[in-house]
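One structure is given below, encoded as structure tokens.
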Amino acid sequence: MKETIDRLRSEGLERIKAAESDSDIEAIRVALLGRKGEITALLRGLKDVDPADRPAMGAELNLLKVDLTALLDSRQCVLRGGGSATNMVGDLTLPGVPPTSGGTNHPLLSVLDSICDIFYGMGFTRDDGPEVELDYYNFTALNFPDDHPARDIQDTFYIDPKICLRTQTSPVQVRTMERNEPPLACIFPGRVYRNENADASHSSEFYQIEGLVVDKAVSMADLKDTVDTFVRNFFGAEEPTRFRPHYFPFTEPSVEVDMQCVSCRGKGCGVCGQTGWLEVMGAGMVHPNVFKAAGYPDDVYTGFAFGMGIDRIAMLKYGIGDIRLLYENDLRFLKQFRGVS
Ligand SMILES: [Zn+2]
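Given below as structure tokens:
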């Protein structure tokens with residue numbers, strides 16, 4: 001039996017070296033290790049070997065099986081483009097085949113990074129705050145009246161009456177203003193939470209990025225220019241933007257910012273609901289009550305703030321129709337973003 005094992009080892013090695021395709025590899029695997037393969041037959045025949053020799057023979061056969069399986073796997077890997085053929089077959093002490101499918105940034109992270117880069121280019125710095133936040137910073141300091149509907153238990157995850165999961169990144173504005181004197185130009189990216197049922201456009205957790213500029217004589221024109229610079233740089237086109245009047249408790253006046261639809265150039269299509277415009281962010285001039293809460297004199301400084309959902313921006317940029325795809329970690333989805341930034 002020893003000679004048979006030696007013969008199978010050298011013949012097997014030759015055949016594996018000569019294999020040129022997946023089907024060659026499979027044919028060799030079946031011929032040697034399949035149910036009716038030669039090595040399988042030898043293993044079955046062990047019971048007829050002299051009991052004194054049986055353990056040694058058994059060990060040899062198993063080693064042969066393990067070695068040939070490794071060689072088959074390596075050769076298959078090489079044939080699929082994973083490394084150099086000369087490195088792989090015959091010398092298992094050489095370095096292994098590098099993985100062909102490396103990791104990649106999550107599309108949300110890529111979008112977040114490129115948004116931040118654009119604002120860094122305009123001179124903004126970045127600040128972060130806690131995701132578990134005091135009700136005071138999440139609402140009161142941002143000029144939410146006590147009876148404001150957004151405080152409703154339906155929308156906010158409360159941990160106790162004074163502590164909640166932040167529903168927006170705006171509380172970081174107040175924390176940053178408390179720690180820093182103007183002039184300020186700062187962005188606050190982060191994860192936020194709402195007590196909502198998940199559907200194609202809602203998730204109970206999502207990402208926002210918020211920006212704040214405070215100085216003497218900051219105006220809405222500065223806000224418009226900042227927004228336009230962002231849209232131009234991020235979407236890579238000269239899309240016009242427009243302001244629509246809106247209401248937020250922490251800004252006055254408040255606007256929603258639309259950008260002309262990138263799919264139809266304003267003509268109207270399914271992406272923009274036939275309006276020709278896509279909502280990009282909310283914005284406005286910082287409310288004097290927010291300055292008061294932060295300890296800034298409201299007769300010296302003015303400022304603007306804006307905030308957008310990173311998920312929404314990612315969905316617009318990549319044409320993603322369902323927000324849940326961004327949180328399900330399905331590799332078939334995520335692998336499409338390899339090398340994308
Ligand atoms: Zn459109």
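Counting in the numbering used here, the sequence shown runs from 1 upward without gaps. From the three backbone atoms N, C-alpha and C, an ideal C-beta is built for every residue, glycine too.
(message) Assuming Y343 and P182 are in contact, meaning their beta carbons sit under 8 Å apart, how far apart are those beta carbons, in whole angstroms?
(response) The structure shown does not extend to residue 343, since the chain spans only 1 to 341, so no value can be given for it.
* Asked: Between the C-alpha atoms of N87 and T69, what's the straight-line distance to the nearest angstrom?
  -> As a first step, residue 87 is located in the sequence shown; it is residue number 87 there, counting from the start. As a first step, residue 69 is located in the sequence shown; it is residue number 69 there, counting from the start. Because the pLDDT at N87 is just 49, under 50, the model does not fix this residue reliably, and the value given afterwards should be weighed accordingly. So the alpha carbons of these two residues sit roughly 17 Å apart.
| said: Could you compute how far the alpha carbon of I160 sits from the alpha carbon of S203? | reply: Along the sequence shown, read from residue 1 onward, the residue named residue 160 stands at position 160. Along the sequence shown, read from residue 1 onward, the residue named residue 203 stands at position 203. Ile is not the amino acid found at residue 160; the sequence shown has Asp there. Distance from the CA of D160 to the CA of S203, rounded to the nearest whole angstrom, comes to 22 Å.
Margin query: Considering only the alpha carbon of each residue, which of V49, L33, V78 lies closest to L63?
Written below: Taking the first residue of the sequence shown as 1, we reach residue 63 at position 63. The closest CA to that of L63, considering only V49, L33, V78, is found on L33.
For K47, which option in G58, G37, E38, I39 has the closest C-alpha, if you only look at C-alpha atoms?
The residue given as residue 47 occupies position 47 in the sequence shown. Checked all of G58, G37, E38, I39; the closest Cα to K47 is G58.
Can you tell me which of the three DSSP states D48 falls into?
Sequence index remark: in the sequence shown, residue 48 carries index 48 (1-based). If DSSP states are grouped into helix, strand and coil, D48 belongs with the helices.
(message) So the candidates are R151, V192, F291; which of them puts its Cα closest to the Cα of T176?
(response) Translated into the one-based positions of the sequence shown, residue 176 becomes position 176. Closest in alpha carbon position to T176, among R151, V192, F291, is F291.
Item checked: Where the beta strand (DSSP E) through Q260 begins and ends -> The count along the sequence shown starts at 1 and reaches residue 260 at position 260. That run of the beta strand (DSSP E) goes 251-260.
Is the beta carbon of Q173 sitting closer than 8 Å to the one on A305?
-> In the sequence shown, the residue the question calls residue 173 occupies position 173. In the sequence shown, the residue the question calls residue 305 occupies position 305. Their beta carbons are under 8 Å apart, which means Q173 touches A305 by this criterion.
- Task: Report the residue ranges of all beta strand (DSSP E) runs contained in full by the stretch 109-133; include only those spanning at least 3 residues, in chain order.
- Result: Within the stretch 109-133, there are no complete beta strand (DSSP E) runs of at least 3 residues.
Please report the straight-line C-alpha distance between N329 and R7, rounded to a whole angstrom.
Counted from its first residue, the sequence shown places residue 329 at position 329. Counted from its first residue, the sequence shown places residue 7 at position 7. N329 and R7: Cα-Cα distance of roughly 49 Å.
ask   = Within 7 Å: the Cβ of V271 and any heavy atom of ligand 1?
value = On the sequence shown, residue 271 is found 271 positions in, with the first residue counted as 1. At a threshold of 7 Å, V271 counts as near ligand 1, since its beta carbon sits closer than that to one of the ligand's heavy atoms.
Less than 8 Å between the beta carbons of D155 and N195, yes or no?
Mapped onto the sequence shown, residue 155 falls at position 155. Mapped onto the sequence shown, residue 195 falls at position 195. The answer is yes: Cβ separation under 8 Å.
Exercise. Is S263 near ligand 1, with its Cβ less than 7 Å from a heavy atom?
Worked result: In the sequence shown, counting from the first residue as 1, residue 263 sits at position 263. Flag set: Cβ of S263 near ligand 1.
Query - Beta-carbon proximity list for L42, same chain, < 6 Å, skipping 5 on both sides - result: Taking the sequence shown and counting its residues from 1, one reaches residue 42 at position 42. Excluding the 5 residues flanking it on each side, L42 has same chain C-beta neighbours closer than 6 Å at L61, in chain order.
Local Cβ density within 10 Å of G284, reported as buried at 16 or more and exposed below that = One-based indexing of the sequence shown puts residue 284 at position 284. Under this definition G284 is a buried residue.
Checklist line | Nonlocal neighbours in the same chain, by C-beta distance under 7 Å from A293, ignoring five residues either side | finding: The residue labelled residue 293 in the question sits at position 293 within the sequence shown. By the criterion of a C-beta distance shorter than 7 Å, A293 is surrounded in its chain by A141, V174, once the five residues flanking it on both sides are discounted.
- request: Kindly indicate the opening and closing residues of the alpha helix (DSSP H) around P288.
  value: The count along the sequence shown starts at 1 and reaches residue 288 at position 288. It spans 288-294 - the alpha helix (DSSP H) in which P288 sits, taken as one unbroken run.
Helix, strand or coil for Y137? Go by DSSP, reduced to three states. Reading the sequence shown from its first residue, position 137 is the one you call residue 137. Y137: helix per DSSP, three-state reduction.
Would you please state the rounded distance, in angstroms, between the beta carbons of N289 and N143? I believe it to be under 8 Å.
Along the sequence shown, one-based indexing puts residue 289 at 289. Along the sequence shown, one-based indexing puts residue 143 at 143. About 4 Å separates the two Cβ atoms, so the contact holds.
* Secondary structure of L71, DSSP reduced to three states -> Here residue 71 corresponds to residue number 71 of the sequence shown, with the count starting at 1. Helix at L71.
Per-residue DSSP class, three states only, for I16:
Numbered from 1 along the sequence shown, position 16 holds the residue referred to as residue 16. Correct three-state label for I16: helix.
Could you pull the DSSP bridge partners for Q208 from this structure? Position 208 of the sequence shown, counted from the first residue, corresponds to residue 208. Beta-bridge partners assigned by DSSP to Q208: G190, G309.
Does DSSP classify R242 as helix, strand or coil? Residue numbering aside, residue 242 sits at position 242 when the sequence shown is read from its first letter. Strand, per DSSP.
Evaluate Y120 with the Cβ neighbour count: other Cβ atoms within 10 Å of its Cβ, from every protein chain shown; 16 or more gives buried, anything less gives exposed.
Locating residue 120 in the sequence shown gives position 120, where the first residue counts as 1. Exposed.
Check your understanding: Is the distance from the Cβ of C164 to the Cβ of E131 below 8 Å?
Key -> Taking the sequence shown and counting its residues from 1, the one referred to as residue 164 is at position 164. Taking the sequence shown and counting its residues from 1, the one referred to as residue 131 is at position 131. Contact check for C164 against E131 fails: the beta carbons are separated by 8 Å or more.
Per-residue burial, G321 [other beta carbons within 10 Å of its own, 16 or more giving buried]: Position 321 of the sequence shown, counting from 1, holds the residue named residue 321. G321 comes out exposed.
Is it buried or exposed for R332, if we count other Cβ within 10 angstroms and need 16 for buried?
-> Here residue 332 refers to the residue found at position 332 when the sequence shown is read from its first residue. With fewer than 16 Cβ atoms within 10 Å of its Cβ, R332 is classed as exposed.
For a test of your reading of the model: does the CB of G211 fall under 7 Å from any non-hydrogen atom of ligand 1? Yes or no. Looking up residue 211 in the sequence shown gives position 211. No - ligand 1 has no heavy atom lying nearer than 7 Å to the Cβ of G211.
May I ask you to check if the CB of G268 is nearer than 7 Å to at least one heavy atom of ligand 1? Locating residue 268 in the sequence shown gives position 268, counting from the first residue. A distance criterion of 7 Å places the beta-carbon of G268 in contact range of ligand 1, judged by its closest non-hydrogen atom.
Can you list, in chain order, the residues of its chain with a C-beta nearer than 7 Å to that of D298? Leave out the 5 residues immediately preceding and following it. In the sequence shown, residue 298 corresponds to position 298, counting from 1. Sequence-distant partners of D298 (beyond 5 residues in either direction) whose C-beta falls short of 7 Å from its own C-beta, in its chain, are P288, F291, K292.
Problem - Any non-hydrogen atom of ligand 1 closer than 7 Å to G319 Cβ - result: Taking the sequence shown and counting its residues from 1, the one referred to as residue 319 is at position 319. No, ligand 1 has no heavy atom inside 7 Å of this Cβ.
Would you check whether ligand 1 has a heavy atom nearer than 7 Å to the C-beta of G276?
Within the sequence shown, the letter at position 276 stands for residue 276. Yes, Cβ of G276 sits closer than 7 Å to a heavy atom of ligand 1.
For this session: Measure the CB-CB distance between E252 and E279 and report whether it falls below 8 Å.
Result: On the sequence shown, residue 252 is found 252 positions in, with the first residue counted as 1. On the sequence shown, residue 279 is found 279 positions in, with the first residue counted as 1. No; because the gap between Cβ atoms is not below 8 Å, this pair is not in contact.
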